[in-house]
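To convert, take the position in the sequence shown, counting from 1, and add 6; that gives this note's numbering. Note that beta-carbon positions come from the ideal geometry of N, C-alpha and C, so glycine has one too. Remember, it's a predicted structure, so these values are computed and weren't measured experimentally.
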Amino acid sequence: MKIALLCLIICGTASAVIGQNLTLNSVEEALKQALQHNPDLQLYQLKRKQAQLEHKSSRSHLLPTISGVITAQRNIDLPVTPIPGEIFGQPGRTIEAQFGQTYNYNVGLSLSKNLLDWQATLKSRVVKINMEMTEAQTAAFKQKLTEQVALYYYTAIITKKALQINAQDVQLADSLFLLTQNKFRQGVTDQLAINQARMHIHQLRQTSISNKILLNQCYQQLKTLLGADTQATITITQTEILSLPNNALPINMGQDKSLTTYALQSKQNDLRVRMERAAYLPKLSLTTYLGRQQFSNEATISFDRWTSNSYIGLNLSIPIFTGFSRSNQVKIAKVAQQEAKLTWQQAQQKSALADATLLKEYQYTQELVQASQDNFRLAKANAKLSFKRYQQGLINLEQYYRRFEDYLSAEQGYLSALSKLYGYQATIISRK
């Protein structure tokens, strides 16, 4: 897609005048602006902050839960307890007695702590992986953003150069038309030659308009990527085509950052399998209550009648039968685990193949650019020589057009090769 976009810049045009709100002197300035102001990147950073807070929240199971307790209870009917009559000197009888008072007040602190809960521990680890995945997604987006900014920046520069070349072509076509018109007046040529000269000018101007449209699209895309205002305009001060990259292959082209996401997904699914299996493990918790209580037959509280009421307890829960849904959840998690691992392996293989192909094509395209540049210079020189010969009457207009068509073909080949080269260069920059 990126090469197809760049390959549209193949026929040159005339220069456009654009208002100046944001001036870019280099691709590094454009990248810096994008990393600081891109709105989508700001959303990724907010998601990253949210994931960090969720991870902190997931670790709350490591801390005890403490709560204050205040209760007031009115016993409408006290429970009846049968007791032996011997206690009251009535052997052989059972006396139904009521114990307690109408009102019961309690105040205290309740503390609970999970001492052993593998599910909560593994769930916290899964949330941590989510946080790391958000960070990886942010890094992958920065890589893609860098590639897109560099791509449109290079496209704009090459298009501006194409506009300059086309302006020279149009100027030459105008001179050719005037020369053909003079020859027509002298009776040396006919109306067909005049029409061909006019069509030649129109074709070059159409190319110029197409490239102006492409340049404007580049600026609009850069405004979006750089977070510029919709009413702002962008000016790129570079007017010349960039110098060719070093012929040496980039040794330290980093790994595609999107692979980290696949690795984390695989790791996350490993933890999910363990988390589902942890449902069969026992849970141990500690409960402590420190409080005071008092009983009364009146709806009043006395500060002198409080008595201690405290306890500490351990709760061990051992799952015996949790239904068949739990075993199915474990099977589902295992399938997801295998799928994530396979996806990661395939992504690694595809990325390694794509990187090797990119580096090899990058090397070949450098040679192609050099060859097409030399061919373009020779074709341009031939076009100028043919124009002089046409002025001198040594060749006819049709012969001149053949040479000029060769020149346009060489121009197209040169700009196309150059656009491919800097398409690869944009990807390489994003991996640094």
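When DSSP states are grouped into helix, strand and coil, F301 belongs to the strand group. The alpha-carbon of Q299 is positioned some 53 Å away from that of E141. Nearest Cα to I72 within the set N44, F105, S116 and E102: S116.
The beta-carbon distance between F301 and Q51, rounded to whole angstroms, is 59 Å. This is too long to meet the 8 Å contact definition. Beta-bridge partners assigned by DSSP to N321: S291. Cβ contact annotation for E60 (same chain, cutoff 6 Å, sequence separation greater than five): V133, in chain order. A distance below 7 Å separates the beta carbons of L296 and G114. For the pair Q227 and Y158, the CB atoms are nearer than the 7 Å cut-off.
Check the Cα spacing between T328 and each of A285, K356 and T294: the tightest is with A285. Secondary structure note for V33: its alpha helix (DSSP H) is the uninterrupted segment V33 to H43. If you keep only unbroken alpha helix (DSSP H) runs of at least 4 residues inside the region 59 to 108, you get nothing at all. For I101 against G91, the beta-carbon gap comes to about 5 Å, under 8 Å, which counts as contact.
Less than 7 Å divides the Cβ of H206 from the Cβ of A179. Pairing L210 with D235 gives a Cβ-Cβ distance that is not under 7 Å. Within the same chain, I163 come within 6 Å of Q244 by CB-CB distance, once the 5 residues on both sides are set aside.
Scanning K129, G419 and P70 for the CA closest to the CA of D276 turns up K129. In terms of Cα proximity to L403, the closest of R204, K148 and K62 is R204.
Straight-line spacing of the CA atoms in K38 and Q149 works out to 13 Å. Within the same chain, and ignoring the five residues on either side of W124 in sequence, the residues whose Cβ sits closer than 6 Å to its Cβ are A284 and L287. D262 and R437 have their C-alpha atoms spaced approximately 7 Å apart. When the Cα atoms are used, L391 and G233 turn out to be separated by approximately 49 Å. For L184, the uninterrupted alpha helix (DSSP H) run begins and ends at W124 to R191, by DSSP. Listed as beta-bridge partners of V375 by DSSP are no residues whatsoever.
Here K426 carries a helix assignment [DSSP, helix/strand/coil]. By the neighbour-count definition (other C-beta atoms within 10 Å, threshold 16), Q104 is an exposed residue.
Looking at N31, E282, L121 and P88, the one whose alpha-carbon comes closest to that of V336 is E282. Apart from sequence neighbours up to five positions away, the residues of its chain that approach S314 with a beta-carbon distance below 7 Å are R298, ordered along the chain.
Scanning Q351, K366 and Q397 for the CA closest to the CA of L265 turns up Q351. A residue is called buried when at least 16 other Cβ atoms come within 10 angstroms of its Cβ; S181 does not meet this threshold and is exposed. DSSP lists V75 and G297 as the bridge partner or partners of G114.
Membership of L210 in any beta strand (DSSP E) is not indicated; the residue belongs instead to the alpha helix (DSSP H) covering Q197 to L232. At the C-beta level, Y430 and Y368 come within 7 Å of one another. When the Cα atoms are used, Q271 and V279 turn out to be separated by approximately 13 Å. CA-CA distance, Q187 to L198, rounds to 11 Å. Counting along the chain, the unbroken beta strand (DSSP E) around L28 starts and ends at L28 to L30. Counting along the chain, T241 sits inside the beta strand (DSSP E) bounded by residues I240 to I242.
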